[in-house]
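K.L.:
First, the structure itself, so that you have it in front of you.
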Amino acid sequence: MYVVTNRKVNNRKEGLEIFGDTPNTVGPNELRLVNVTKQGSHYTTELLTDKLTQAEVRELKRRHALDIDERADWYASLRVACDLMEQAAREKRHLLVYVHGYNNDMKDVLGTAETLEALYNVIVLPFSWPANGGGAVSGTADYLDDKQDARVSMDALNRFFEKVQFYHEKLTEARREAFWQQAMAEDGGRGNREAVQARFTQLLAEDCKVTLNLMCHSMGNYVLKYALQPSAAAAAKLIFDNVSLVAADTNNAAHETWVQRIQFRNRLYVVINENDFALAWSRRKPGEAQRARLGHYLKNLFAANARYIDITRAEGVGNAHGYFAGEPVARNAALKAVFSDAFEGGRAEDRLAYAADINAYRLI
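See the structure below:
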């Protein structure tokens, strides 16, 4: 599994010990790409910093029909992007970018990512920011430290999204161009533009469609909120098919001002559990910033581009915070199906009842 992070990375250590608890010493905007392999109960890690040779770039360009200058400098991120798209197409799976929440060390992050891959038809690419707060028992100081780290991670998330958008466009453009050339060739030079367009559309529809989706959990939504603030933010560009804001640890008040900046090809979901224990604890923190949280409040659901999903009364959810995994989805096949649709580029609301009084879809 590949991990993108703005944590401090110490390549002289081994396993998950290479990941620090603080932002990169070069600056919080600095990104590192790490290949993590699980071997039994342990992990091996490889920091990917290599500049690709011209021969490597030439081969990637040939194999994926990429419109790139092979004489320019290209790095491991290009190879990783090609590998992920190739794997997703081969295995007929979707890509899910995962931004985790508060109090997650790397073992937590990887454990959740592995669970997501086991439960859903996705390949997970985690973005990990320094969030080792220590949990509810550690109190306010660690929680606020993580909030500060979340704010300073906004530019790193934007840089990551820029890379995702660039590589995704290059790889999908190449595939579309190949289908267009095939449709032209099948036309045999007859010049029937309408027939070529129809065949091109058919080829696209028949292709194994790999969707690219985003899931932000808990305080990961706080990182996204701040990443959306700059006027030219990459986070506000059209990158993902579906975007899921799950158990969002951000203010409910005026959330529409930043949520409505999010672009997407298919759906934007905000998932809410009124009984979420972690968000109830979060709200008890002092200060004006700790008002009702978006992820547990069923009022003021005004974002015009969002589809709100209330899972409060769904069987097995209870007071869970990570209800996309574990006991809630094990006990409730309908809940799992909702997240399957959301994480795999589908339409989750089609299986839900709409409650017009609160502008939300409900799973009961």
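The number in the numbering used here is simply the position in the sequence shown, starting from 1, with 11 added.
For every residue, glycine included, the Cβ atom is placed at its ideal position computed from N, Cα and C.
1) What does a CB cutoff of less than 7 Å around V148 pick up in its chain, not counting 5 residues either side in sequence?
2) Does the beta-carbon of K181 have 16 or more other beta-carbons within 10 angstroms, so that it is buried, or is it exposed?
3) Have a look at the DSSP bridge pairing and note the partners of A371.
4) Taking Cβ positions, are N35 and I29 nearer each other than 9 Å?
5) Let's see if you can read the secondary structure: which residues bound the alpha helix (DSSP H) around N253?
6) Mark K310 as exposed unless 16 or more other C-beta atoms lie within 10 angstroms of its C-beta, in which case mark it buried.
7) Excluding the five sequence neighbours on either side, which residues of its own chain have a C-beta within less than 8 Å of the C-beta of L95, listed in chain order?
8) What beta strand (DSSP E) runs, 3 residues minimum, are completely inside the region 221 to 282?
9) Does the CB of E102 have a neighbour CB from chain B at under 9 Å?
10) Which residue from D218, N330 and L225 puts its Cα closest to that of V175?
11) The beta strand (DSSP E) that contains D32, what's its start and end?
12) Can you tell me where the alpha helix (DSSP H) holding H111 begins and where it ends?
13) Check this for me: beta carbons of Q271 and M165, under 9 Å apart or not?
14) For F138, report the span of its beta strand (DSSP E) as first-last.
15) With a Cβ-Cβ cutoff of 9 Å, do G333 and A247 count as a contact?
16) Compute the beta-carbon to beta-carbon distance between N143 and D218, rounded to the nearest angstrom, for a pair I have assumed lies under 8 Å.
17) Assuming K118 is part of the beta strand (DSSP E), what are its boundary residues?
18) On the premise that S88 lies in contact with L58, defined as a C-beta separation below 8 Å, what is that separation, rounded to the nearest angstrom?
19) Taking the straight line between their C-alpha atoms, what separation do you get for Q159 and A265?
20) How many angstroms separate the CA atom of K24 from the CA atom of T56?
21) Checking 9 Å against the spacing of the C-beta atoms, do F288 and A341 come in under that value?
22) Using alpha carbons as the reference points, say which of L42, K19, K49 and E41 lies closest to G26.
23) Just verifying my parser: in three-state terms, what is the DSSP assignment at H53?
24) Contact check, I375 vs A344 under 8 Å by CB: the rounded distance?
25) Roughly how many angstroms lie between the CA atoms of E299 and Y233, to the nearest whole one?
26) Hey, V281 and L305 are a contact pair by Cβ (cut 8 Å); roughly how many whole angstroms apart?
27) Could you have a look at D287 and say whether DSSP puts it in helix, strand or coil?
28) In the DSSP assignment, the beta strand (DSSP E) including V20 goes from what residue to what residue?
29) Return the residue from the list A371, H228 and R170 that minimises the CA-CA distance to T323.
30) Buried or exposed: A66, going by 16 or more other Cβ atoms within 10 Å of its Cβ?
31) Run through the region 291 to 346 for me and flag every whole alpha helix (DSSP H) of 4 or more residues, listed as ranges in chain order.
P.N.:
The structure says:
1) Residue placement at V148 cannot be trusted, given a pLDDT of 43 that sits under 50; the coordinates are not used to answer.
2) buried
3) BP columns for A371 point to A366.
4) no
5) First-last for N253: N253 to V257, but that is the beta strand (DSSP E), not the alpha helix (DSSP H).
6) exposed
7) So the list reads Y13, L106, I134 and L136, once near-sequence residues are dropped.
8) List check, beta strand (DSSP E) in window: 223 to 228 and 253 to 257.
9) This model lacks chain B altogether; it includes just one protein chain.
10) L225
11) F30 to P34
12) First-last for H111: undefined, no H or E at that position.
13) no
14) Under the DSSP assignment, F138 falls in the beta strand (DSSP E) whose first and last residues are V133 to S139.
15) no
16) 42 Å between Cβ atoms; not a contact.
17) Element bounds for K118: not the beta strand (DSSP E) but the alpha helix (DSSP H), M117 to L130.
18) With a Cβ gap of about 13 Å, L58 and S88 do not count as contacting.
19) 21 Å
20) 10 Å
21) no
22) K49
23) strand
24) Not confirmed; about 14 Å, so no contact.
25) Only weak support exists for where E299 lies, its pLDDT of 47 falling under 50; the value from the coordinates is given anyway. Each residue's alpha carbon lies about 15 Å from the other.
26) That belief holds up - the Cβ atoms of V281 and L305 are roughly 7 Å apart, short of 8 Å.
27) Note: D287 maps to coil in three-state DSSP.
28) R18 to V20
29) Of the candidates A371, H228 and R170, the one whose C-alpha sits nearest the C-alpha of T323 is A371.
30) exposed
31) Residue ranges of uninterrupted alpha helix (DSSP H) with 4 or more members, entirely inside the region 291 to 346 and ordered along the chain, are 338 to 342.
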